[in-house]
Every structure is written in structure tokens, then in C-alpha cells.
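Peer 1:
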Amino acid sequence: MESINTLEYRIFTTRSEADKAINSLKGILEGINLDGVVNKAEINELNKWALTHQALIKRNPFKEFMYIIQSSLIDVDELNQDTIHETIEDLYWLCQKYEQDSYYYNAVTADLQTLQGLCHGIMADGIINETEIYNLNTWLNRNEHLTSYYPYDELRSLILSIISDKKIEEEEILVLKAFFKHFIRLHDQEISNKITQETTSINIGGLCTSEPEVIFDGKTFCITGVLNRGNRNELKKDIEKLGGITVNSVTKKTDYLIVGDSGNPAWAFACYGRKVEKALNYRKEGHTIMLIHEYDFFDIIDDLK
């Protein structure tokens, strides 16, 4: 027989699992509906989400979610778009209703879980189109309170780079797929394998934050790479004059990592290096470390002089 403490722990963790699942579902629903057209592959991914969360079926509102998904979307071939969109709206409404009573996660964490689900929904059919990219950009603009949190800040940088010339290239879509692959696990193995094959040659290390907001007083700064715009020692002096603390290595206490351009023509998409990789690993553990490209950082320094 399980002890009372064990039972209490399971109740606690089940609630956290439920909240995370609902936040993720909310994002998936937004993602698959982002371009206004829902296809069979996207509905199949939604059905597999339901199967993955069968363990929570005894908890409300999961009974309702499972019933709607499994009864309304069971035969995709015979459903028209109006019926599918109505079902998705019903599910989304349920997510919002549940959200009002949710207490386990704070707003930022819940929104980040929704963002992850949103990207999951976009990738559900293995295809990313222009409408999805522009509508994703709209969502990111509406949620600027997530700036400095992974993966929001890196994704926003990437999306801004892609749409900056108002022309979306196939190579840019592959880069976006490669980035999504870092934090999304599709349930459909066939589509997942296809994406892996498509993005084999794409190397995404880490993305620098666009339009960074920097606080200097008492914050810790580390510099990596070769600076093209200035001298590293002089930059350290400027940081310290503004109240910042400079260090030579990335730790969990590092607030900002300044990434040198190093003459890399691909810097708009990726920043490479051991310190960057270390920073990304810390970020995925929940530590807030902002990656800033040297050009943006020097602009901030110049404005404060």
C-alpha cells in the first residue's frame, strides 16, 4: 500500500502534468489552425496527443477533451473544414475554461508551454507555409512579455530574420524546422524522420535575441567569439563603468552572453561556440541567460555613453 506522502506527491505531480498538457494542447490547437486549413496529418497528431495523455483521462476536463477528440475527429476523411474548425474552437474554449481554474504554473511558464504547443501544431504535418510564419510572428508580437525566455527570444530573432526582406526562402523554412526540432517531439514517427532528413545539413547552435533590453547594474556579462566592431578589453571596461560585472566563463549566474560576429555570414541564424552551447544548456534548465549579438550590444553601449 502506498504511503499518504506518496499519494500526496502523486496528486501534486498529476496536477502539474495536467496543467502542462492543457497549455500544450492550447498551443497545438492554435498551431494547426494557424493557416486556416487543417489537414489529416495535423488531426492525426492531435489524436496521438490524446493517446499520449490517456493516463490523465480520469481527471477533468480530460474526459471532455478525449471525448471530443476521439468522437468528433475520428474519421477525418469524412469531415469538412467547417466541422473541424468548430471542433477545434470547442477544444480551445475548454482549454481557456480550464485555464481560469489552473494554479500550478505561473503565467510566463504557462505561456511558454503554449508557445511550445503552438510550434508543435505548426510542425504537425511536417510543412511550414508563409501564412503560418506570419501568423506566428503576430503571436510573438502579442506576447513580448516572454522576451528573455527560451525559446521565445531565439524564435523571435529567427522569425524576424526570415521575414525581414518580405521574401521567405525554402532554406529559411528548413532553418525554422531545424530550430523547432530542438524542443518539439512529434508523435508521428514518419513525419519526424522526414523532418530529420530534410534538416540534416542545418546546424542551429543558438540564436541571438533581437531588440535586447539590457540592465547593467549588478548583472554579469560574458563575451565569446572575435569582436569585429571593437576591442574586448575596452568593451569590458565600458560594461564595468555602467555597473556590470564581467566574467570569463559562462555559469548559471551569467545574465548576458555577448557573441562576437567572427566574420560568420550566418550569424543572423546561428551563433556557434562552446560558451553558447553551455549557455543554451543552462537556459533549457530554466536559467535566464540572454544571448546578444555584438552589433546590437555596441549600439546599446553607444546610446548610453
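295 is the number that my numbering gives the last residue of the sequence shown; the numbers go up by one with no jumps. Beta carbons are placed, not taken as given, at the ideal position from N, Cα and C, and that holds for glycine.
(1) With distances taken from CA atoms, which of D286, T241, I290 and L225 is nearest Y272?
(2) Express the C-alpha separation of A97 and K30 in angstroms, rounding to a whole number.
(3) How big is the Cα-Cα spacing for F284 and L217?
(4) Straight-line CA distance for E305 to L148?
(5) Whose C-alpha, out of Y88, K10 and F206, is nearest the C-alpha of H43?
(6) Return the CA-CA distance between F259 and L225, expressed in angstroms with no decimal places.
(7) Going by DSSP, what residue range makes up the beta strand (DSSP E) through L281?
(8) Identify the continuous alpha helix (DSSP H) that holds T241 and give its terminal residues.
(9) Mind checking whether G107 and S182 have CB atoms under 8 Å apart?
(10) Tell me C212's beta-bridge partners as DSSP assigns them.
(11) Using CA coordinates, which residue listed in E122, E267, R146 and Y124 is at the minimum distance from F133?
(12) Quick check: what's the CA-CA separation for K171 versus T210?
(13) Measuring alpha carbon to alpha carbon, tell me which residue in F288, I290 and T278 is nearest Y140.
(14) Which parts of the region 53 to 130 are runs of the beta strand (DSSP E), unbroken and 3 residues or longer, counting only runs that do not cross its ends?
(15) List the endpoints of the continuous alpha helix (DSSP H) containing R146.
(16) Around the C-beta of Q86, are 16 or more other C-beta atoms found within 10 angstroms, so that it is buried, or is it exposed?
(17) From T214 to D207, what does the alpha carbon distance come to, in whole angstroms?
(18) Please return the same chain residues whose Cβ sits closer than 6 Å to the Cβ of I229, not counting the five positions on each side in sequence.
(19) For the alpha helix (DSSP H) that contains F169, what are its first and last residues?
(20) Is the beta carbon of E32 closer than 8 Å to that of D115?
Peer 2: Answer, in terms of the structure:
(1) T241
(2) 32 Å
(3) Checking the sequence shown, residue 284 turns out to be Glu, not Phe. Cα to Cα, the separation comes out at about 7 Å.
(4) Given a span of -9 to 295 for the chain in the structure shown, any question on residue 305 remains unanswerable.
(5) K10
(6) At F259, the pLDDT of 42 sits below 50, so the modelled position is not reliable; the number obtained from the coordinates is stated separately. Cα-Cα distance, rounded: 24 Å.
(7) M280 to H283
(8) Where T241 is concerned, there is no enclosing alpha helix (DSSP H), given that its DSSP letter is neither H nor E.
(9) no
(10) V237 and L247
(11) It is worth fixing the name first, because residue 133 is Asn in this sequence and not Phe. Per the Cα distances, R146.
(12) 30 Å
(13) T278
(14) none
(15) Y142 to I153
(16) exposed
(17) 21 Å
(18) F211 and T236
(19) E160 to F170
(20) yes
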